[in-house]
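A.B. asks: My structure is below; once you've seen it, I'll send some questions.
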Amino acid sequence: MARVAGINIPDNKQTEVSLTYIFGIGRTRALEICSKTGISPSSKIADLTEEQLELIRTEVNTQMVEGDLRREIATNIKRLQDLGTFRGIRHRRHLPV
């Protein structure tokens, strides 16, 4: 298994699908990463060379993903709760926002 952004991504899936295992990367962003690095979205991770994996790692590191993204979301929710906004109150009471 290849390791990108601290996450083990599956080797037997296509690059586009494998990148979506990283929190903060969906299909659209995975396709953008593939086009920026010049890697075919339909190629499997196991077939990529180490240089191609390194290109993917550097591109993913420029994005806000995993822990940084989770922390930013939590601080935004905390800010809304501290301000006492409608959305903050809904979050505090575990209701739909």
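One gets our numbering by counting positions in the sequence shown from 1 and adding 1100 to each. Ideal Cβ placement from N, Cα and C applies to all residues, glycine included.
1. Do you know offhand how far Thr1149's Cα is from Ile1122's?
2. For the putative contact between Glu1116 and Arg1127, defined by C-beta atoms under 8 Å, what is the C-beta separation to the nearest angstrom?
3. Which of the three DSSP states is assigned to Ala1102 in this structure?
4. Taking C-beta to C-beta, are Ile1125 and Thr1137 nearer than 8 Å?
5. Does DSSP put Asn1112 in a helix, a strand or coil?
6. Tell me the rounded alpha-carbon separation between Val1165 and Pro1141.
7. Give the secondary structure of Ile1107 by DSSP, where H, G and I count as helix, E and B as strand, and everything else as coil.
8. With DSSP as the reference, identify every bridge partner of Lys1144, one or two as the case may be.
9. Taking the beta carbon of Leu1119 as the centre, do at least 16 other beta carbons fall within 10 Å, making it buried, or is it exposed?
C.D. replies: Taking the definition as stated:
1. The count along the sequence shown starts at 1 and reaches residue 1149 at position 49. The count along the sequence shown starts at 1 and reaches residue 1122 at position 22. Going from the Cα of Thr1149 to the Cα of Ile1122 covers about 20 Å.
2. Taking the first residue of the sequence shown as 1, we reach residue 1116 at position 16. Taking the first residue of the sequence shown as 1, we reach residue 1127 at position 27. About 7 Å; that satisfies the 8 Å criterion.
3. Counted from its first residue, the sequence shown places residue 1102 at position 2. In this structure, Ala1102 counts as strand in the three-state DSSP scheme.
4. Translated into positions along the sequence shown, residue 1125 becomes position 25. Translated into positions along the sequence shown, residue 1137 becomes position 37. The answer is no: Cβ separation not under 8 Å.
5. Locating residue 1112 in the sequence shown gives position 12, where the first residue counts as 1. Of the three classes helix, strand and coil, the one that applies to Asn1112 here is coil, per DSSP.
6. Counting from one through the sequence shown, the residue named residue 1165 turns up at place 65. Counting from one through the sequence shown, the residue named residue 1141 turns up at place 41. About 20 Å.
7. As a working note, residue 1107 is residue 7 in the sequence shown. It is a strand residue.
8. For the purposes of this step, residue 1144 is identified with residue 44 of the sequence shown, where counting begins at 1. Beta-bridge annotation (DSSP): Lys1144 is paired with Gln1114.
9. One-based indexing of the sequence shown puts residue 1119 at position 19. Label assigned to Leu1119: buried.
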